[in-house]
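Peer 1: Take the sequence shown: its letter number 28 is residue 28 in the UniProt record's numbering, and every next letter is one higher.
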Amino acid sequence: METLLQVLIGILELQVAWVSSQGLEQSPQSLIVQEGEDFTINCSSSKPVYALHWYRQKKSKGLISLMILWENGEEKNHEEITATLDDKKQQSSLHIRAAQPSHSGTYLCAADAL
């Protein structure tokens, strides 16, 4: 039996307001993937950024920092997670390879704007 993972992005009203107040937009808004599949979450900013943060939050738990990207073109890898930053396009992507149940949660991006 295939296990389905539900990756919810910005589902809590407070979190959506926090992301929106920073001029950030995440896509897709929600995503369901099968175990073993890859998935990507994008974050774009309406303002120039000098640092971009990616977080994951499990139900009823605090935020966990996944990555902080500082430089244009920077790519960071941590196990099965890769994040990139293109500050010229004011966007970042978080890519997870071979999704596992441990990847379920709410994903958020945050930015330090210029």
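Using N, Cα and C, we set each Cβ at its ideal position, and we do this for glycine too.
Keep in mind the model is a prediction, meaning the values are calculated, not measured.
Which residue's Cα is closest to the Cα of methionine 67: Lys59, Ala51, Lys61, Ser60?
Peer 2: For the purposes of this step, residue 67 is taken as residue 67 along the sequence shown, with counting starting at 1. The residue with the shortest Cα to Cα distance from methionine 67 is Ala51.
Peer 1: Which same chain residues, not among the five before or five after histidine 78, have their C-beta less than 8 Å away from its C-beta?
Peer 2: On the sequence shown, position 78 is the one that residue 78 refers to. Once the five neighbours on either side are set aside, the close Cβ partners of histidine 78 are Leu66, Met67.
Peer 1: What does a CB cutoff of less than 6 Å around tryptophan 70 pick up in its chain, not counting 5 residues either side in sequence?
Peer 2: Here residue 70 corresponds to residue number 70 of the sequence shown, with the count starting at 1. Closer than 6 Å at the Cβ level, and outside the excluded window around tryptophan 70, lie Ala51.
Peer 1: Using 8 Å as the threshold, is the stretch 103-112 in touch with the stretch 42-59, meaning 3 or more CB pairs across them?
Peer 2: They touch, by the three-pair rule.
Peer 1: Grab me the residues of glutamine 64's own chain with a C-beta within less than 6 Å of its C-beta, minus the 5 sequence neighbours each way, in chain order.
Peer 2: Walking along the sequence shown from the start, residue 64 turns up at place 64. Per the sequence shown, residue 64 should be read as isoleucine rather than glutamine. Correct list, in chain order: Arg56.
Peer 1: How many angstroms separate the CA atom of histidine 95 from the CA atom of lysine 47?
Peer 2: Taking the sequence shown and counting its residues from 1, the one referred to as residue 95 is at position 95. Taking the sequence shown and counting its residues from 1, the one referred to as residue 47 is at position 47. Going from the Cα of histidine 95 to the Cα of lysine 47 covers about 23 Å.
Peer 1: I need the boundaries of the beta strand (DSSP E) containing aspartate 86, first residue and last residue.
Peer 2: Counted from its first residue, the sequence shown places residue 86 at position 86. Looking at the DSSP string, the run of the beta strand (DSSP E) that includes aspartate 86 is 81-86.
Peer 1: Which runs of the beta strand (DSSP E) fall wholly inside the stretch 40-92 and span at least 3 residues, in chain order?
Peer 2: Qualifying beta strand (DSSP E) stretches, in chain order: 49-57, 63-69, 75-78, 81-86.
Peer 1: Could you tell me whether the Cβ atoms of alanine 83 and glycine 36 are closer together than 8 Å?
Peer 2: Reading the sequence shown from its first residue, position 83 is the one you call residue 83. Reading the sequence shown from its first residue, position 36 is the one you call residue 36. No, Cβ-Cβ distance for alanine 83 and glycine 36 is not below 8 Å.
Peer 1: Thinking just about the alpha-carbon of each residue, which of Asp112, Val33, Ser45, Leu85 is nearest to the one in proline 101?
Peer 2: On the sequence shown, position 101 is the one that residue 101 refers to. Considering only alpha carbons, the answer is Val33.
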